[in-house]
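Reading through the structure tokens given below for one structure.
Chains as they are written, first to last, in the numbering used here: chain P, 32 to 146; chain F, 3 to 117.
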């Protein structure tokens, strides 16, 4: 158990809908990262937050957004969903104060299916 | 720019025989290197990380990886495969320092272990 929790575990929805994925980092970790894992794109970095502020963006669509709250949990919002958004979404956390190597600890993921 | 190439998409071994999963990286400066494992329907677990303290890195479950700067390789090995090792393995690179950096994943190697 990495200490990172994600809810829900599974999400099934229809095209055009909006969903919210939630992540709680390991205790004390200030950085939260979101990744998308799909069959055709592999594992790709979406976005990073550090202590409530957006730190870096990767291949994140404009229909997607995220935020990190004062208690450090994070939410990833996906809107106007398309079939191609079906994927496994992972949250990871790290604490830059404890390591220079940037190892990240992953949650179990949320499997999103868009029908 | 950094990148990582996993040279085999699938590796099949018999139980009790050695495992070799190959990874080459590209980085303009000294990176952090990791191996993560993903068991079916599970999240990503950190197997080991390269910290520059030693070129041979020991991880969990009997896995090791050797960092070879001259070959820009970070191959993962295990002397004797176990059925429970069947999973997908990811070689990962990240800029070192600051702890603010995304992870860059290889495409993954699926390891099958046969009785």
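All residues carry an ideal CB built from backbone N, CA and C; glycine is no exception.
Helix, strand or coil: how does DSSP classify residue i here?
i                      : result
residue 26 of chain F  : strand
residue 78 of chain P  : strand
residue 1 of chain P   : Nothing can be reported for residue 1 of chain P, as the shown portion of chain P is limited to 32 through 146.
residue 119 of chain F : Limits of chain F in this structure are 3 at one end and 117 at the other, which puts residue 119 of chain F out of reach.
residue 18 of chain F  : coil
residue 131 of chain P : coil
residue 64 of chain F  : helix
residue 143 of chain P : strand
residue 70 of chain P  : coil
residue 113 of chain F : strand
residue 42 of chain P  : strand
Would the beta-carbon of residue i fall within 8 angstroms of that of residue j?
i                      : j                      : result
residue 112 of chain P : residue 81 of chain P  : no
residue 95 of chain P  : residue 107 of chain P : yes
residue 107 of chain F : residue 40 of chain F  : no
residue 100 of chain P : residue 48 of chain F  : no
residue 50 of chain P  : residue 109 of chain P : yes
residue 64 of chain P  : residue 74 of chain P  : no
residue 61 of chain F  : residue 90 of chain F  : no
residue 65 of chain F  : residue 46 of chain F  : no
residue 5 of chain F   : residue 34 of chain F  : no
residue 87 of chain P  : residue 71 of chain F  : no
residue 59 of chain F  : residue 87 of chain F  : no
residue 186 of chain P : residue 33 of chain P  : In the structure as shown, chain P starts at 32 and stops at 146, and residue 186 of chain P therefore has no counterpart that could be examined.
residue 143 of chain P : residue 45 of chain P  : no
By DSSP's criteria, residue i is part of a beta bridge. Which residues make up the other side?
i                      : result
residue 37 of chain P  : P/54
residue 84 of chain P  : P/81
residue 8 of chain F   : F/25
residue 123 of chain P : P/64, P/137
residue 98 of chain P  : P/106
residue 118 of chain P : P/143
| said: Could you check whether the stretch 9 to 18 of chain F touches the stretch 56 to 68 of chain P, counting it as contact only if at least three pairs of C-beta atoms, one from each stretch, sit closer than 8 angstroms? | reply: Below 8 angstroms, too few C-beta pairs join the stretch 9 to 18 of chain F and the stretch 56 to 68 of chain P to call them touching: fewer than three.
| So, do the stretch 127 to 146 of chain P and the stretch 71 to 88 of chain F have three or more beta carbon pairs nearer to each other than 8 angstroms? | These segments do not touch.
| Taking three-plus beta-carbon pairs below 8 angstroms as touching, is the stretch 117 to 125 of chain P in contact with the stretch 17 to 32 of chain F? | Contact between the stretch 117 to 125 of chain P and the stretch 17 to 32 of chain F is not established, with fewer than three Cβ pairs separated by less than 8 angstroms.
| message | So within the stretch 26 to 97 of chain F, which uninterrupted beta strand (DSSP E) runs reach at least 3 residues, ignoring any that extend past its ends? | response | Within the stretch 26 to 97 of chain F, the beta strand (DSSP E) runs of at least 3 residues that lie entirely inside it are, in chain order, 33 to 40, 46 to 52, 58 to 60, 66 to 70, 75 to 80, 89 to 97.
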